[in-house]
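Chain order of the listed sequences is C, E and L. Using numbering that gives the first Met the number 0, count along the first sequence one by one with no gaps and you end on 95. Using numbering that gives the first Met the number 0, count along the second sequence one by one with no gaps and you end on 474. Using numbering that gives the first Met the number 0, count along the third sequence one by one with no gaps and you end on 490. Note that beta-carbon positions come from the ideal geometry of N, C-alpha and C, so glycine has one too. For reference, the structure is listed below as structure tokens.
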Amino acid sequence: MAITREEVLHVARLARLSLPEPEAERLREQLSAILDYVKQLDRLDTRDVVPTSHAIETGTPFRDDVVEPFGDREALLANAPDRLNDCFRVPRIIED
Amino acid sequence: MAFETVIGLEVHAQLSTRSKIFCACSTAFGASPNENTCPVCTGMPGVLPVLNRKAVECTIRTALATSCTVQRRSVFARKNYFYPDLPKAYQISQYELPIALGGHVDIEVDGGTKRVGITRIHMEEDAGKLVHEGEFAGAQASLADLNRRSGPLMDIVSEPDMRSPEEGGAYLRRLHDILVYLGVCDGNMEEGSFRCDANVSVRPVGQAAFGTKAELKNMNSFRNVEKALEYEIRRQVELIEDGGKVVQETRLWDAGAGVTVSMRRKEEAHDYRYFPDPDLLPLIVDDSWIEELRATIPEMPAAKIERLGRQYGISRYDAGILASTRALADFFEASAAIYGGNPKTTANECVHWKDAILAGTLSPETISHAVEDRERGTVSATASKKLVELVLSTGKPFRTLRDEQGLTQLSDTSALDLLVDKVLAASPKEVEGYRAGKAGLLSFFVGQVMKESRGKANPKMVQEVLRKKLGPPMV
Amino acid sequence: MANVPVHEWSLLEAARKVRGKEISSRELTGAILARIEAIDPKIHAYITVLPEAAAAQAAACDEEQAKGALRGPFHGVPIGLKDIFCTRGVRTTCGSRILRDFLPPYDACVTEKVLAAGAVVPGKHNMDEFAMGSSTETSFFGATRNPWDVSRIPGGSSGGTAAAVAAAMCFAGVGTDTGGSIRQPASLCGVVGVKPTYGRVSRYGMVAFASSLDQGGPITRTVADAAALLGVIAGYDRRDSTCVDIPVPDYLAAVERPVKGLRVGLPKEYYEGGGLSPEVRAAVEKALKALTDQGAEVVDVSLPHTEYALSTYYLIAPAEASSNLARYDGVRYGHRAEGASGLIEMMSRTRAEGFGDEVKRRIMIGTYALSAGYYDAFYGKAQKVRTLIRDDFTKAFESADVLLTPTAPTPAFRLGEKTGDPLTMYLSDIYTIPCNLAGIPGISVPCGFSTEGLPIGAQLLSKPFREETMFTAAGAIERALPMRRVAPLEG
Ligand SMILES: [Mg+2]
Ligand SMILES: [Zn+2]
Numbered sequence: 000m001a002i003t004r005e006e007v008l009h010v011a012r013l014a015r016l017s018l019p020e021p022e023a024e025r026l027r028e029q030l031s032a033i034l035d036y037v038k039q040l041d042r043l044d045t046r047d048v049v050p051t052s053h054a055i056e057t058g059t060p061f062r063d064d065v066v067e068p069f070g071d072r073e074a075l076l077a078n079a080p081d082r083l084n085d086c087f088r089v090p091r092i093i094e095d
Numbered sequence: 000m001a002f003e004t005v006i007g008l009e010v011h012a013q014l015s016t017r018s019k020i021f022c023a024c025s026t027a028f029g030a031s032p033n034e035n036t037c038p039v040c041t042g043m044p045g046v047l048p049v050l051n052r053k054a055v056e057c058t059i060r061t062a063l064a065t066s067c068t069v070q071r072r073s074v075f076a077r078k079n080y081f082y083p084d085l086p087k088a089y090q091i092s093q094y095e096l097p098i099a100l101g102g103h104v105d106i107e108v109d110g111g112t113k114r115v116g117i118t119r120i121h122m123e124e125d126a127g128k129l130v131h132e133g134e135f136a137g138a139q140a141s142l143a144d145l146n147r148r149s150g151p152l153m154d155i156v157s158e159p160d161m162r163s164p165e166e167g168g169a170y171l172r173r174l175h176d177i178l179v180y181l182g183v184c185d186g187n188m189e190e191g192s193f194r195c196d197a198n199v200s201v202r203p204v205g206q207a208a209f210g211t212k213a214e215l216k217n218m219n220s221f222r223n224v225e226k227a228l229e230y231e232i233r234r235q236v237e238l239i240e241d242g243g244k245v246v247q248e249t250r251l252w253d254a255g256a257g258v259t260v261s262m263r264r265k266e267e268a269h270d271y272r273y274f275p276d277p278d279l280l281p282l283i284v285d286d287s288w289i290e291e292l293r294a295t296i297p298e299m300p301a302a303k304i305e306r307l308g309r310q311y312g313i314s315r316y317d318a319g320i321l322a323s324t325r326a327l328a329d330f331f332e333a334s335a336a337i338y339g340g341n342p343k344t345t346a347n348e349c350v351h352w353k354d355a356i357l358a359g360t361l362s363p364e365t366i367s368h369a370v371e372d373r374e375r376g377t378v379s380a381t382a383s384k385k386l387v388e389l390v391l392s393t394g395k396p397f398r399t400l401r402d403e404q405g406l407t408q409l410s411d412t413s414a415l416d417l418l419v420d421k422v423l424a425a426s427p428k429e430v431e432g433y434r435a436g437k438a439g440l441l442s443f444f445v446g447q448v449m450k451e452s453r454g455k456a457n458p459k460m461v462q463e464v465l466r467k468k469l470g471p472p473m474v
Numbered sequence: 000m001a002n003v004p005v006h007e008w009s010l011l012e013a014a015r016k017v018r019g020k021e022i023s024s025r026e027l028t029g030a031i032l033a034r035i036e037a038i039d040p041k042i043h044a045y046i047t048v049l050p051e052a053a054a055a056q057a058a059a060c061d062e063e064q065a066k067g068a069l070r071g072p073f074h075g076v077p078i079g080l081k082d083i084f085c086t087r088g089v090r091t092t093c094g095s096r097i098l099r100d101f102l103p104p105y106d107a108c109v110t111e112k113v114l115a116a117g118a119v120v121p122g123k124h125n126m127d128e129f130a131m132g133s134s135t136e137t138s139f140f141g142a143t144r145n146p147w148d149v150s151r152i153p154g155g156s157s158g159g160t161a162a163a164v165a166a167a168m169c170f171a172g173v174g175t176d177t178g179g180s181i182r183q184p185a186s187l188c189g190v191v192g193v194k195p196t197y198g199r200v201s202r203y204g205m206v207a208f209a210s211s212l213d214q215g216g217p218i219t220r221t222v223a224d225a226a227a228l229l230g231v232i233a234g235y236d237r238r239d240s241t242c243v244d245i246p247v248p249d250y251l252a253a254v255e256r257p258v259k260g261l262r263v264g265l266p267k268e269y270y271e272g273g274g275l276s277p278e279v280r281a282a283v284e285k286a287l288k289a290l291t292d293q294g295a296e297v298v299d300v301s302l303p304h305t306e307y308a309l310s311t312y313y314l315i316a317p318a319e320a321s322s323n324l325a326r327y328d329g330v331r332y333g334h335r336a337e338g339a340s341g342l343i344e345m346m347s348r349t350r351a352e353g354f355g356d357e358v359k360r361r362i363m364i365g366t367y368a369l370s371a372g373y374y375d376a377f378y379g380k381a382q383k384v385r386t387l388i389r390d391d392f393t394k395a396f397e398s399a400d401v402l403l404t405p406t407a408p409t410p411a412f413r414l415g416e417k418t419g420d421p422l423t424m425y426l427s428d429i430y431t432i433p434c435n436l437a438g439i440p441g442i443s444v445p446c447g448f449s450t451e452g453l454p455i456g457a458q459l460l461s462k463p464f465r466e467e468t469m470f471t472a473a474g475a476i477e478r479a480l481p482m483r484r485v486a487p488l489e490g
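So, in structure tokens, the structure goes:
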């Protein structure tokens with residue numbers, strides 16, 4: 000199953016990966032090969048099969064509603080590529 | 000052509016938990032930027048979510064109060080999209096399998112009752128806040144504050160059952176009352192604790208299929224929701240009448256301009272690639288937990304209005320005011336329990352002193368004492384009001400103040416007898432005149448007795464004693 | 000044994016000698032740091048070496064011990080960590096440019112537990128970028144070499160950890176395994192590697208690749224070391240919702256248990272394909288003989304959906320990864336592209352610059368598999384086949400206590416040999432992947448060498464939360480087939 004260039008570019012946009020031309024074509028070929036391979040799953044009839052998200056099937060545990068402050072805001076902000084005071088700073092959001 | 004409006008509402012209510020839905024940071028409003036954050040809610044590499052039990056309980060209680068079916072197994076999914084206020088680049092939200100399905104809320108419109116269906120209730124985490132540097136349009140940068148990130152949200156989706164902005168407003172107010180009654184949400188719309196999006200469409204009367212809908216956002220008060228709906232309905236009807244077509248889109252309400260504005264978004268933004276969050280296991284709710292929570296559901300507003308009217312014989316209007324706030328209704332019932340008397344008087348007092356009661360500065364004892372003393376004639380209406388004001392300013396008990404201030408009315412008949420005898424003895428001419436037919440002189444005697452008692456006598460009783468002593472005037 | 004160099008001691012031996020004051024932690028740590036300095040330029044098993052911090056930790060251990068206090072079972076012993084475990088204030092890169100300078104504000108649960116056990120951390124091990132790879136060639140920091148033949152890969156993604164252990168540059172290490180990333184490099188480097196049951200070891204602070212498959216586990220030179228280290232890092236952690244609250248048994252005791260009567264299942268599908276090298280087959284047969292010689296029984300079992308495991312894995316893991324790796328957007332930490340004119344461009348260029356080819360490839364596959372119109376055909380389908388694969392194991396374990404298979408189809412291949420063809424590279428995990436999909440535990444134990452002198456490992460799989468059974472079988476194989484565990488490298 001061949002994936003088209005448009006699909007590759009669409010998926011790259013969804014995944015926020017800028018793709019220069021040659022890379023897009025190489026990825027198109029590799030993805031097509033991988034998707035061809037995984038299409039073997041179609042040979043299996045799974046109509047009545049329940050999907051598995053986890054190998055364990057207990058319910059999710061809970062936290063009590065208790066506040067435990069982390070207490071080191073600076074350590075959380077210290078890795079920021081750009082910041083203003085105690086906020087993370089990002090380029091303008093307006094889409095062109 | 001006549002058109003019919005179809006409205007469905009989606010309410011995002013911030014749950015009243017102390018900590019966030021998936022981490023132990025505080026949910027307190029108004030903290031300095033990123034003060035209430037930790038590795039989990041800032042989406043550091045390697046962090047994992049753990050579900051807040053209280054958030055689940057708030058949601059189950061809401062589901063029960065709105066007659067939804069609580070799902071024994073529900074699943075958290077990831078909604079994937081990139082935005083700087085979304086640190087993990089996905090929002091954890093229930094998608095295919097929400098915690099509650101199929102309920103309803105009854106609203107009152109045009110003197111009748113209408114049932115609005117609830118499609119589903121699900122839980123999710125809130126986004127952070129973005130502040131733009133400078134003017135939005137010319138902003139070169141934005142600042143992300145993640146305090147609100149991962150706050151616990153409950154998403155309540157109605158059926159498209161409402162047919163007018165008034166019905167929409169009535170539904171929202173009723174739902175708001177229910178959440179506040181349950182104590183699961185503080186209901187503060189300005190702080191964003193109770194937010195609403197609307198789906199609205201119009202169709203020619205008699206047509207079965209729905210028209211194309213627009214999604215309205217950014218309405219932060221009941222009134223704004225109604226206004227936005229009114230505007231949008233008018234816009235759609237005019238568009239169709241002019242031969243145009245409504246397009247499915249998201250529109251923002253601009254409260255200043257009083258219009259809805261299209262919020263253009265790229266197509267791909269809608270491919271959220273939902274899938275079950277592998278970091279959380281299914282949310283399992285058993286029967287005993289549900290029953291335990293059912294026992295904590297208080298009487299809901301509609302039932303309370305009905306019962307207050309029936310049980311206390313007060314008007315539907317008064318019952319409505321009392322029941323508008325659970326605390327006020329509870330206060331009324333506590334006061335009425337201390338002193339029975341005429342509950343209408345108690346209701347009037349509660350309505351009159353509503354603000355002080357809700358501010359927590361008055362006790363049911365104060366109101367019940369005020370009502371009792373008035374009904375027994377121990378204090379006058381004016382004195383009672385003055386005394387309650389004094390309670391508020393001094394904090395002293397009502398009856399202590401009454402005695403200190405000497406604001407007791409004289410209602411003791413033997414004491415009144417003496418005063419009346421004294422006045423009558425001093426005014427023989429007037430007594431004669433009264434007996435000769437000048438009935439109007441009665442108020443003269445009352446005035447004299449009041450003067451003699453320095454205003455403390457109970458005027459009603461003074462009249463009674465006077466009538467008895469003077470006998471009927473000759474006509 | 001008296002002339003075994005310090006750095007070649009087993010983990011338990013080193014711990015015993017520190018406890019017995021035969022050696023100080025300073026000396027022990029000094030020996031390891033010296034070994035790293037001498038050997039690692041050839042191997043490149045470490046992304047970050049922490050000589051000062053390790054020396055300080057060792058000094059503190061010695062001081063505490065002088066006052067009579069021991070931190071835990073590994074007091075003063077150097078144990079390395081794959082650079083996927085967050086270490087507070089110590090850079091954690093996950094082998095990626097995008098996290099090149101990332102300083103975690105917190106410790107992973109595994110980090111905490113290893114430190115609480117008294118271990119000294121000499122450094123952070125190299126790995127395939129975000130654990131995506133089977134050769135440790137996708138690391139932004141350069142490939143790691145196999146200590147047995149430096150022209151070959153050490154396996155991956157925990158190749159740095161396996162190579163560091165095989166080259167005696169630490170007494171043990173903790174790696175992670177999503178589709179074989181502990182067992183396959185352990186096999187290729189001639190050491191022991193354990194992938195515990197899903198939910199046995201907390202994932203908190205372990206940078207996520209595929210959340211429903213990832214597990215941390217030990218890489219050591221002996222089975223007993225692995226059992227002891229797993230005993231330390233396993234256990235409930237309330238910060239990980241998928242961590243299971245089951246008591247941690249005494250794994251070490253299980254290693255010595257007899258295998259008499261143990262039912263060893265041989266899944267026929269693992270021995271049928273043409274990809275299995277004859278040398279690997281012969282070595283695994285020796286391991287089987289070691290077990291039957293000691294009284295184990297052989298049963299034939301079938302795992303009929305084995306041929307679908309690779310496809311299933313290469314849909315589920317990339318799908319989860321595409322979402323897990325979306326957080327690297329240049330906003331809060333890590334690399335950010337310079338000079339972007341708007342937010343979308345900043346994010347897209349940051350990610351294009353920050354991620355390597357294999358990571359991008361998997362993000363693309365995963366995004367595609369989850370996207371509108373393809374979910375049911377790809378991700379949804381894979382989740383259903385996962386059920387079939389899991390059911391295969393449940394059935395096999397009705398007649399067998401433990402399954403014996405090769406760990407990898409071939410011994411270590413050469414650097415660059417498979418980098419051009421992703422699918423061929425993926426095939427090196429063909430025997431390890433089903434275990435992750437089923438959530439069961441697995442161990443790779445050395446069972447021989449190829450004619451070229453390259454190590455070969457046998458894989459043992461047991462029922463969920465029954466790691467003891469595979470430790471028992473692995474212990475029996477190890478006792479029957481004693482072999483060199485430290486690669487013959489001259490410093
Ligand atoms: Mg929502
Ligand atoms: Zn937090």
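8 angstroms Cβ cutoff, C/Gly70 in contact with chain L: no
For C/Thr3, name the three-state secondary structure that DSSP assigns. coil
Please list the terminal residues of the continuous alpha helix (DSSP H) segment that includes E/His351. Pro342 to His351
Within 7 angstroms of chain E by C-beta, residues of the region 196-216 of chain L in sequence order: Arg202, Tyr203, Gly204, Met205, Val206, Ala207, Ser210 and Ser211
My output table needs one value for E/Ile288: the three-state DSSP class, helix, strand or coil. Just to set this straight, residue 288 of chain E is Trp in the shown sequence, not Ile. Residue state, collapsed to three classes: helix.
Out of curiosity, what's the CA-to-CA distance linking L/Pro487 and L/Lys417? 26 angstroms
For L/Val48, which residues does DSSP report across the bridge? L/Gly122
Anything in chain L within Cβ reach of E/Met262, meaning under 8 angstroms, just list it in chain order. Ordered by position in chain L, no residue passes the 8 angstroms Cβ test against E/Met262, which lies about 17 angstroms from the chain.
Following the continuous alpha helix (DSSP H) through L/Cys434, name the residue where it begins and the one where it ends. Ile432 to Ala437
With a cut-off of 8 angstroms, does the C-beta of E/Thr41 fall near any C-beta of chain L? yes
Collapsed DSSP secondary structure at C/Glu109 in the structure displayed: What the structure shows of chain C is the stretch from 0 to 95, and residue 109 of chain C is not part of that stretch, so it cannot be assessed.
Please confirm whether L/Ala475 and L/Gln214 have their CB atoms less than 8 angstroms apart. no
Chain-ordered residues, beta carbon under 5 angstroms from a heavy atom of ligand 2: Any heavy atom of ligand 2 counts here; residues with a Cβ closer than 5 angstroms to one of them, in chain order, are E/Cys22, E/Cys24, E/Cys37, E/Val39 and E/Cys40.
When you compare the CB of C/Asn84 with every CB in chain L, is at least one pair closer than 8 angstroms? no
Rounded to the nearest angstrom, what separates E/Tyr89 and L/Glu21 at their Cα positions? 53 angstroms
By a C-beta neighbour count over all protein chains shown, 10 Å radius and 16 as the cutoff for buried, is E/Ala1 buried or exposed? Under this definition E/Ala1 is an exposed residue.
Please tell me whether C/Val49 has its Cβ less than 8 angstroms away from any Cβ of chain E. no
Considering only DSSP beta bridges, list what L/Glu296 is partnered with. L/Arg262
Check the DSSP bridge columns for E/Met218 and list the partner residues they point to. E/Cys195
Where E/Asp241 sits in the DSSP three-state scheme: coil
Just list the residues that DSSP pairs E/Trp252 with in beta bridges. E/Thr259
Alpha carbon to alpha carbon, how far is C/Val10 from L/Ala226? Rounded to the nearest angstrom, the two C-alpha atoms are 44 angstroms apart.
Give the secondary structure of E/Ser314 by DSSP, where H, G and I count as helix, E and B as strand, and everything else as coil. DSSP places E/Ser314 in coil when its eight states are reduced to three.
Have a look at L/Glu278, L/Ala163 and L/Asp299 and flag the residue whose alpha-carbon is nearest the alpha-carbon of L/Glu36. L/Ala163
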